[in-house]
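Enquirer: So that we are looking at the same thing, I have put the structure below in structure tokens.
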Amino acid sequence: MKKILFPLMLIFVLALSACGNSSNSSSNKGNQSTSSDTITYQSENGPVKLPAHPKRVVVLGSYTGNVMSLGVNLVGVDSWSKKNPRFQKELKNVEEVSDENVEKIMKLKPDVIIGLSNTKNVEKLKKIAPTVLFTYNKVDYLQQHIEIGKVLNKEKEAKAWVKDFKERAAEAGKEIKAKIGQDATVSVFESGTKELYVFGDAWGRGTEILYQEMKLKMPEKVKEKALKAGYYAMSHEVIPEFAGDYMIISKNSEMDNSYQNSEIYKSIPAVKKHRVYEANAEEFYFNDPLTLEYQLSFFKKKFLGK
């Protein structure tokens, strides 16, 4: 597969999967019942019987960091997780797989498979191990972690992390607002092959932390174009219209970043005042606990010098 911008794949693939699941309720309760050896998780597609203590998990989607943070052993993950520099050490001996690698997944002998609702070869995967699928953004990013926790029989641990994270992120947000001003705006961008993307409040890249937990303000133009859809593609020429008082750029060195050399970009107040904070896109894509912890640390360092 050619190396293309992750959002382009995720945006369209997940949009299709969301449409395909529009008949489902807007939130996934994910209740579970237990016995000594198994639990039953109420997934989007019905009850799934799972091992109470999974030891060999395969993830075919964006939930690798969720599983890792709960201390459950992984034997196979998607290519995007393998490319994440912050995951490389822990995933060194974990196989890279996709939903088309059915035979490879079978050889890994997983006891649980977790994926997105658009996963291919689902019926074949179900014959290998209990398979749980999620529609991206069907529930909010923190509830998603709790749902993963339920699947892995680690709900208590997941809830404890969520509570602690929300408190720490909110406190950091108060400090940042006190420093930059209550009305200061922040926008989050990422470059593509020909276009630039700006994000709403729930599409990774730290947007959940900045807007949902820290309550920082989004520029009106971003709110108008990206809040509902989650993202908005634009030409480089109109970036000043979407630029906040502070700009976060999730930067992929393999994409076209030449816009940063243009006079249009250099004329933006945030650029002139050195209020542009760049992050490695491959480390910044997701919203699992490990990535969220890194993003929170990144924002505290950039905004507060901590």
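Using mature numbering (1 follows the signal peptide of the UniProt record, and there is no 0), the letters of the sequence shown correspond one by one to residues -17 to -1, 1 to 289.
Quick reminder that beta carbons are idealized off the backbone N, C-alpha and C, glycines included.
No experiment lies behind these values; they were computed from the predicted model shown.
Need the endpoints of the beta strand (DSSP E) that L57 sits in, please.
Expert: Mapped onto the sequence shown, residue 57 falls at position 74. Note, L57: beta strand (DSSP E), L57 to V60.
Enquirer: DSSP three-state call for N263: helix, strand or coil?
Expert: Position 280 of the sequence shown holds residue 263. N263: strand per DSSP, three-state reduction.
Enquirer: Bridge partners of A216, per DSSP?
Expert: Counting from 1 along the sequence shown, the entry for residue 216 is found at position 233. The partner list for A216 (beta bridge, DSSP) reads Y180.
Enquirer: Check whether the Cβ atoms of L273 and G48 sit closer than 8 Å, and answer yes or no.
Expert: The residue labelled residue 273 in the question sits at position 290 within the sequence shown. The residue labelled residue 48 in the question sits at position 65 within the sequence shown. Contact flag set, yes.
Enquirer: DSSP three-state label for I251, please.
Expert: Your numbering for residue 251 matches position 268 in the sequence shown. Looking at I251 - three-state DSSP - the assignment turns out to be coil, as it is neither helix nor strand.
Enquirer: Where does D82 land, buried or exposed, given buried means 16+ other C-beta within 10 angstroms?
Expert: Reading the sequence shown from its first residue, position 99 is the one you call residue 82. That one is buried.
Enquirer: For S19, tell me which candidate among P37, P30 and E27 has the shortest Cα-Cα distance.
Expert: Indexing the sequence shown from 1 puts residue 19 at position 36. Among P37, P30 and E27, the Cα nearest to that of S19 belongs to P37.
Enquirer: Nearest to K255 by CA position, among K87, S245 and N263, is which residue?
Expert: Looking up residue 255 in the sequence shown gives position 272. With distances taken between Cα atoms, K255 lies closest to S245.
Enquirer: Which residues does DSSP pair with Q165 in a beta bridge?
Expert: Position 182 of the sequence shown, counting from 1, holds the residue named residue 165. According to DSSP, Q165 bridges with nothing at all.
Enquirer: Look up V77 in the DSSP assignment and say whether it is helix, strand or coil.
Expert: By 1-based counting over the sequence shown, the position of residue 77 is 94. In this structure, V77 counts as coil in the three-state DSSP scheme.
Enquirer: DSSP three-state call for V122: helix, strand or coil?
Expert: Indexing the sequence shown from 1 puts residue 122 at position 139. Of the three classes helix, strand and coil, the one that applies to V122 here is coil, per DSSP.
Enquirer: Under three-state DSSP, which class holds M197?
Expert: For the purposes of this step, residue 197 is taken as residue 214 along the sequence shown, with counting starting at 1. M197 falls in the coil class under three-state DSSP.
Enquirer: Count Cβ pairs between the segment 212 to 219 and the segment 174 to 182 that sit closer than 8 Å; are there 3 or more?
Expert: With a cut-off of 8 Å, the segment 174 to 182 and the segment 212 to 219 count as touching, because enough Cβ pairs lie within range.
Enquirer: Would you give the residue range spanned by the alpha helix (DSSP H) that G48 belongs to?
Expert: As a first step, residue 48 is located in the sequence shown; it is residue number 65 there, counting from the start. Taken as a continuous stretch (DSSP letters only), the alpha helix (DSSP H) holding G48 covers T47 to S52.
Enquirer: Run through the DSSP bridge pairs and tell me what F172 is partnered with.
Expert: Within the sequence shown, numbered from 1, the residue matching residue 172 stands at position 189. DSSP, once it has assigned bridges, lists V181 and I232 as partnering F172.
Enquirer: Could you check which residue in E191, K206, V58 and W144 has the C-alpha nearest to that of V80?
Expert: Counting from one through the sequence shown, the residue named residue 80 turns up at place 97. The residue with the shortest Cα to Cα distance from V80 is V58.
Enquirer: With a floor of 3 residues, list each beta strand (DSSP E) that falls wholly inside the segment 95 to 150, ordered by position along the chain.
Expert: Whole beta strand (DSSP E) segments, 3+ residues: 95 to 99 and 114 to 117.
Enquirer: Have a look at I159 and G132 and give me their C-alpha separation to the nearest angstrom.
Expert: In the sequence shown, the residue the question calls residue 159 occupies position 176. In the sequence shown, the residue the question calls residue 132 occupies position 149. Approximately 31 Å, taken between the alpha carbons.
Enquirer: Use the C-beta contact count for D271: other C-beta atoms within 10 angstroms, 16 or more gives buried, fewer gives exposed.
Expert: One-based indexing of the sequence shown puts residue 271 at position 288. That one is buried.
Enquirer: Check each candidate in H128, E220 and P113 and name the one with the smallest Cα separation from Y119.
Expert: Reading the sequence shown from its first residue, position 136 is the one you call residue 119. Nearest option by C-alpha distance: H128.
Enquirer: Less than 8 Å between the beta carbons of S64 and V42, yes or no?
Expert: By one-based count along the sequence shown, residue 64 stands at place 81. By one-based count along the sequence shown, residue 42 stands at place 59. Yes, the Cβ-Cβ distance between S64 and V42 is below 8 Å.
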